[in-house]
Amino acid sequence: MSGLSVGIRALRKAYHKGGADIHVLESATLEVKPGERVAILGPSGTGKSTLLHLIGMLDRPDAGSVWLDGTDVAALPEATRNRLRNRSVGFVFQSHNLLAEHTALGNVMVPVRLAGGAPDLARRRAEALLRAVGLGHRLEHNPGELSGGEQQRVALARALVMGPGLVLADEPTGNLDPGTAGGVFDLMIELNAQLGSTLVLVTHSMDLAMRMDRRVVLERGCLREIVD
1387 MSGLSVGIRA
1397 LRKAYHKGGA
1407 DIHVLESATL
1417 EVKPGERVAI
1427 LGPSGTGKST
1437 LLHLIGMLDR
1447 PDAGSVWLDG
1457 TDVAALPEAT
1467 RNRLRNRSVG
1477 FVFQSHNLLA
1487 EHTALGNVMV
1497 PVRLAGGAPD
1507 LARRRAEALL
1517 RAVGLGHRLE
1527 HNPGELSGGE
1537 QQRVALARAL
1547 VMGPGLVLAD
1557 EPTGNLDPGT
1567 AGGVFDLMIE
1577 LNAQLGSTLV
1587 LVTHSMDLAM
1597 RMDRRVVLER
1607 GCLREIVD
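In terms of this note's numbering, the sequence shown has 1566 at position 180, counting the first letter as 1, and numbering is strictly consecutive.
Below, the structure written as structure tokens:
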């Protein structure tokens, strides 16, 4: 699958907490071209993770629209959104969110099995990606037997196993030491380039952001392009 285009138009999202409405996004707008790599920067608590959840169909906006390759996904029925998300969107989170009861191989196989893929197909794809991230010798290890960097590599392989057109990464190296973080990020960039996927990255690191094609900052609920 080639990279998906992303269109965020007049996006609004608020949460009700402690008897008050907390407005996170206020008319946020952004266009991302197919295959483009965009970093989203901004202080903690400004709604960057919320924005990724809306783009990735994990949540719905209060107003506005999210377009993936010309389809307003915010308006789709939930079952359709779930199928599209599993097939077309890969997520890499700060916390790897691996299933403790599954091996590294089993974790990476999950998206293929959820999409109805045969076990042998799921296994072939998962093995190939785990080898690509340097974990061919750790296929049968459970998450608790892996280092933090290895767990995040498993999470990266899982995110890419369906060959998604869009990869959403939320502080993917935030829990790793600098040396390990650099290796994981290098792998993510390399594998993403091979797939031709669109990449939207939330990060606090300007060093990581500078390796992307574009940088935007989320401030007061709106997105603003950073001009170098």
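No residue lacks a Cβ here, since even glycine has one placed at the ideal position from N, Cα and C.
Under the assumption that Val1392 contacts Thr1584 (Cβ atoms under 8 Å), give the Cβ distance between them as a whole number of angstroms. Translated into the one-based positions of the sequence shown, residue 1392 becomes position 6. Translated into the one-based positions of the sequence shown, residue 1584 becomes position 198. Contact annotation, Val1392 with Thr1584: C-beta distance approximately 6 Å; criterion of less than 8 Å satisfied.
Rounded distance between the beta-carbons of Ala1508 and Leu1577, thought under 8 Å: Position 191 of the sequence shown, counting from 1, holds the residue named residue 1577. Position 122 of the sequence shown, counting from 1, holds the residue named residue 1508. So it is not a contact: roughly 18 Å between Cβ atoms.
For Gly1442, tell me which candidate among Val1547, Gly1476, Leu1515 has the shortest Cα-Cα distance. Indexing the sequence shown from 1 puts residue 1442 at position 56. Minimum Cα-Cα distance from Gly1442 among the listed residues Val1547, Gly1476, Leu1515 corresponds to Gly1476.
Could you check whether Phe1571 and Leu1594 sit closer than 7 Å to each other, using their CB atoms as the reference points? Reading the sequence shown from its first residue, position 208 is the one you call residue 1594. Reading the sequence shown from its first residue, position 185 is the one you call residue 1571. A contact, by the Cβ cut-off of 7 Å.
I need the straight-line Cα distance from Cys1608 to Ala1396, nearest angstrom please. Reading the sequence shown from its first residue, position 222 is the one you call residue 1608. Reading the sequence shown from its first residue, position 10 is the one you call residue 1396. Within the model, the alpha-carbon separation for Cys1608 versus Ala1396 is close to 9 Å.
Exposure label - Ala1460; buried when at least 16 CB within 10 Å: Locating residue 1460 in the sequence shown gives position 74, counting from the first residue. That one is buried.
Rounded to a whole number of angstroms, what is the C-alpha to C-alpha distance between Arg1398 and Ile1408? Working through the sequence shown from its first residue, we reach residue 1398 at position 12. Working through the sequence shown from its first residue, we reach residue 1408 at position 22. The alpha-carbon atoms of Arg1398 and Ile1408 are separated by roughly 11 Å.
At which residue ranges does the stretch 1448-1492 contain complete alpha helix (DSSP H) runs of 4 or more residues, listed in the order of the chain? The stretch 1448-1492 contains these whole alpha helix (DSSP H) runs: 1464-1474.
If Val1633 and Val1424 are in contact, beta carbons under 8 Å, what's the gap, nearest whole angstrom? Because the chain in this structure spans residues 1387 to 1614, residue 1633 falls outside the shown range and cannot be described.
Check the DSSP bridge columns for Gly1393 and list the partner residues they point to. Within the sequence shown, residue 1393 is the residue found at index 7, counting from 1. Bridge partners of Gly1393: Glu1417, Trp1453.
If I'm right that Ile1612 touches Arg1597 with Cβ under 8 Å, what's the distance once you round it to whole angstroms? For the purposes of this step, residue 1612 is taken as the residue at position 226 of the sequence shown. For the purposes of this step, residue 1597 is taken as the residue at position 211 of the sequence shown. Not a contact, Cβ separation roughly 14 Å.
Tell me, please, whether the stretch 1480-1490 touches the stretch 1550-1570 by the rule of three or more beta-carbon pairs shorter than 8 Å. Touching, per the Cβ criterion.
Among Gly1431, Leu1581, His1402, nearest to Val1603 - alpha-carbon criterion: For the purposes of this step, residue 1603 is taken as residue 217 along the sequence shown, with counting starting at 1. Measuring from the Cα of Val1603, the nearest candidate turns out to be Gly1431.
Sorry if obvious, but does the Cβ on Arg1446 come closer than 6 Å to a heavy atom of the ligand FAD? Of the ligands one can find in the structure shown there are none, so the ligand FAD has no counterpart to examine.
With Pro1497 and Val1547 assumed to form a contact (beta carbons below 8 Å), what rounded beta-carbon distance in angstroms separates them? Along the sequence shown, one-based indexing puts residue 1497 at 111. Along the sequence shown, one-based indexing puts residue 1547 at 161. The beta carbons of Pro1497 and Val1547 sit about 5 Å from each other, so the pair counts as a contact at 8 Å.
Would you grab the beta carbon distance between Pro1550 and Ser1474 for me? Rounded to a whole angstrom, and I think it's under 8 Å. The residue given as residue 1550 occupies position 164 in the sequence shown. The residue given as residue 1474 occupies position 88 in the sequence shown. Beta-carbon to beta-carbon, Pro1550 and Ser1474 are separated by about 5 Å, close enough to satisfy the 8 Å threshold.
Can the beta-carbon of Val1494 be found closer than 7 Å to that of Arg1539? Counting from one through the sequence shown, the residue named residue 1494 turns up at place 108. Counting from one through the sequence shown, the residue named residue 1539 turns up at place 153. Against a cut-off of 7 Å, the Cβ pair of Arg1539 and Val1494 comes out as no contact.
Roughly how many angstroms separate the alpha carbons of His1402 and Pro1429, rounded to a whole number? Looking up residue 1402 in the sequence shown gives position 16. Looking up residue 1429 in the sequence shown gives position 43. Distance from the CA atom of His1402 to the CA atom of Pro1429, rounded to whole angstroms, is 21 Å.
How would you label Met1574, buried or exposed, when you count the other beta carbons within 10 angstroms and need 16 or more for buried? For the purposes of this step, residue 1574 is taken as residue 188 along the sequence shown, with counting starting at 1. Result: buried.
Length of the line joining the Cα atoms of Ala1514 and Gly1522: Working through the sequence shown from its first residue, we reach residue 1514 at position 128. Working through the sequence shown from its first residue, we reach residue 1522 at position 136. The straight-line gap separating the alpha-carbon atoms of Ala1514 and Gly1522 is approximately 8 Å.
Is the beta carbon of Gly1582 closer than 7 Å to that of Ser1388? Locating residue 1388 in the sequence shown gives position 2, counting from the first residue. Locating residue 1582 in the sequence shown gives position 196, counting from the first residue. Yes, Cβ-Cβ distance for Ser1388 and Gly1582 is below 7 Å.
Tell me the DSSP bridge mates of Thr1584? Numbered from its first residue, the sequence shown carries residue 1584 at position 198. Thr1584 is bridged by DSSP to Leu1552.
To the nearest angstrom, how far is the alpha carbon of Glu1526 from that of Glu1487? Within the sequence shown, the letter at position 140 stands for residue 1526. Within the sequence shown, the letter at position 101 stands for residue 1487. Each residue's alpha carbon lies about 11 Å from the other.
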